[in-house]
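Residue numbers (full-length UniProt numbering): 1 to 57. Every residue, glycine too, gets a C-beta built ideally from N, C-alpha and C. So the structure is just underneath, and the comments pick up after that.
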Amino acid sequence: MIPGKPRCVESCSDYPPPGRFAVRDMRQTVAGGVIKAVAEKAAGAGKVTRSAQKLRR
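Now the structure itself:
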């Protein structure tokens with residue numbers, strides 16, 4: 001599954017609360033799951049928002 005927005009997740013074995021998810025559509029839960037493994041990106045690979053750029057100044 002590829003999310004539409006960046007998310008902060010952990011594998012369920014490392015830290016259970018962010019290791020679970022639910023997929024909702026039209027106010028109905030259509031799926032739920034457990035994250036078994038996470039492929040980490042290199043630091044700084046994400047998009048920098050305008051508000052974050054302002055804080056750097």
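Expressed to the nearest angstrom, what Euclidean distance is found between the alpha-carbon atoms of Val-38 and Thr-49? 24 Å
Contact check, Cys-8 vs Pro-18, beta carbons under 9 Å: yes
Going straight from the alpha carbon of Gly-32 to that of Arg-24, what length do you get? 9 Å
Does chain B have any CB closer than 9 Å to the CB of Arg-27? No chain B appears in the structure shown, which is made up of a single protein chain.
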